[in-house]
Structures are given as C-alpha cells and as structure tokens.
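Here the structure is laid out as structure tokens; the discussion comes afterwards.
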Amino acid sequence: MMRAPCCDKMGLKKGPWTPEEDHILITHIQRYGHQNWRALPKQAGLLRCGKSCRLRWINYLRPDIKRGNFSNEEEETILKLHGILGNKWSAIAARLPGRTDNEIKNFWYTHLKKRAERSQMHSMSNSTSCPLQKAQATCSSEAQIRMPQVAADASNATTSNASNGCNEIDEEMEFWYNLFIQTGQ
DNA sequence: AAAGTGAACAACCGCGTCCGC
DNA sequence: GGCGGACGCGGTTGTTCACTT
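According to my numbering, the residues represented by the first sequence are 98 to 282, in order.
Right under this line is the structure:
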C-alpha cells in the first residue's frame, strides 16, 4: 500500500518545538480536543504534521505528565515489567501514571539497560537465582512472543497457564502476572 | 580555555494494526 | 472481504549538555 507522506510534505516544519508552537497546540487541544490528529495542525494553524503534534502532546504537553527523575520505586517497576513484557513501552507506561512510553524507553536505554546487563552478567558469573534476573535472562525473549497471546487470553486465563515456557515463575513474577490479568492486559 | 567524548533527552521514521467505507 | 486512511508503537537518529583531558 502506498503510504501518504507525512512530515516530508513541502512547508511542514521539523525539529524542536518553540514555546509559541506549544502554546498554540495546548490552546487548540484544550478548546477542541484531538479527534483527528491529521487535521489538527491545519485547524490550529501549525506548520507541523499530525504525527509530530501527537507526539509533542503525548510526551510533553499533556497536563498529567510527570516530569523529573524516576524514583527508585519507578525504576524497579520498569525493570520488573520489562522482564515480563520486553520492549512493550506503551504497556509499561500504562502502569506508571504520568510517565510516557518515550520517556521510559529513553530511561531504559540510558540507565536501566546497562544496570540490567550488569546484574545479568553478575548473576551468570555467580549463578545466583534472583527472580528478576532469571526472568530477564531466560524469559524476556519468550515473554515478548507470548505476552500478546497472554494478554488476549487474560480474561479467561488462570495463573497456571504461566507455566508453559517459563516454568520457574516465582511469587514475585506471579504477582506481576496476576496484575496484568486483573487489569485486563 | 578549548577540544573531544559520552550521556541524556527530544524528535523523527517506518511499520503494523485498526476501522470505516 | 478488500482497500485505504489514520493512529499508535517501537526503533533509530539528531541535538544538547556535562564531563574529562
């Protein structure tokens, strides 16, 4: 299928947003909402593509965005969820109020990935059995494949079906797994 | 003080999925 | 059921800033 060009259209601006553009976007969305991202920039008088507007709003301009450093609790949550979900940033973000997928993704690649890799190396060399490390070492790739199915089956799933593949899910993993089932993911 | 380097963050791009026609 | 437009997601790139030499 031929895809319509987006930001490469003639005359559309790219790059960092100015405070004026932010103000226009916020004002327009507060007034009219964002039913149609593609039409929004034209209606608002912005020389941006709809995609760019959406990204800007979702990641930085939304009133419920929580800016600033991640707390230790948030870090741990991300690590645990990533162990279960893999790179499902939007799913992880859905469980961290005020955080966006882009922010979590950046934080992961700049902070947590190194930490996770280090601890994984450490666990491999020491043959420890930290639940999270074990989950990341043994289940993450599999979880990436299986989770969509798990999500689809969440409504009628029981915790027992977690045993296919990742057999050694312990209490902590089970807690997070149950959380997903309860939230319908 | 200047140049080099790496980390952190913001934004873009391409693809998959959803949904209306 | 197929097609096409729009949206959302994840990966990647670009830019800025801080630190080191």
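Backbone N, C-alpha and C define an ideal beta-carbon position, used for all residues, glycine too.
Where residue i falls, given that 16 or more other Cβ within 10 Å makes a residue buried
| i | result |
| --- | --- |
| Ala188 | buried |
| Ser149 | buried |
| Arg212 | exposed |
| Lys210 | exposed |
| Pro113 | exposed |
| Thr207 | exposed |
| Glu118 | buried |
| Gly183 | buried |
| Arg145 | buried |
| Lys111 | exposed |
| Pro116 | exposed |
When the options are compared against residue i, the one with the closest alpha-carbon
| i | options | result |
| --- | --- | --- |
| Tyr157 | Ala191, Trp205, Gly195, Arg145 | Gly195 |
| Asp161 | Leu182, Ile123, Ala141, Thr115 | Ile123 |
| Trp154 | Glu172, Asp198, Phe167 | Asp198 |
| Arg164 | Pro116, Leu193, Arg128 | Leu193 |
| Phe167 | Gly147, Leu109, Lys185, Asn203 | Asn203 |
| Leu109 | Glu172, Gly147, Lys185, Trp205 | Gly147 |
| Glu173 | Trp205, Lys185, Arg159 | Trp205 |
| Gln127 | Asn169, Arg159, Glu171 | Arg159 |
Beta-carbon gap between residue i and residue j smaller than 8 Å
| i | j | result |
| --- | --- | --- |
| Ile121 | Leu143 | yes |
| Ile201 | Ala190 | yes |
Would you be able to state if there are at least three C-beta pairs under 8 Å between the region 128-147 and the region 178-185? Judged by Cβ distances under 8 Å, the region 178-185 makes no contact with the region 128-147, as fewer than three pairs qualify.
Which residue spans inside the region 154-190 form an unbroken alpha helix (DSSP H) run of at least 4? Taking only runs of at least 4 residues, the alpha helix (DSSP H) segments lying wholly in the region 154-190 are 169-182, 186-190.
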